[in-house]
Amino acid sequence: MKLILSALVTAVMALSAPAFAASHGGGKMDDKPDCTKKENAEKKECKKM
7 MKLILSALVT AVMALSAPAF AASHGGGKMD DKPDCTKKEN AEKKECKKM
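FYI, the numbering for the sequence shown is 7 to 55, going by my numbering.
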C-alpha cells in the first residue's frame, strides 16, 4: 500500500512539474512595451525619435 501511494504521489508531481515551472519561471524578457497596442502608443519608448 505504501509503495502504491508513493508511486501515485510521484506520478502526480512529475505531471505537474512542467506546469509549475512554466507559470513561475521566465517572466518578462525585456521591459519594452508592445508598441502595436493602442494603449501603449503614448509611451516614451513607442514614440518615434
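Every residue, glycine too, gets a C-beta built ideally from N, C-alpha and C.
Interface flag, residue i vs chain C, CB-CB below 9 Å
{"i": "L9", "result": "Any reference to chain C falls outside this structure, which holds one protein chain only."}
Rounded straight-line distance, which links the Cα of residue j to that of residue i
{"i": "T16", "j": "I10", "result": "10 Å"}
{"i": "E45", "j": "S12", "result": "51 Å"}
{"i": "V18", "j": "E48", "result": "47 Å"}
{"i": "K8", "j": "A23", "result": "22 Å"}
Beta-carbon proximity check, residue i vs residue j, cutoff 9 Å
{"i": "K43", "j": "E51", "result": "no"}
7 Å Cβ shell around residue i - same chain, five flanking residues per side excluded
{"i": "L14", "result": "none"}
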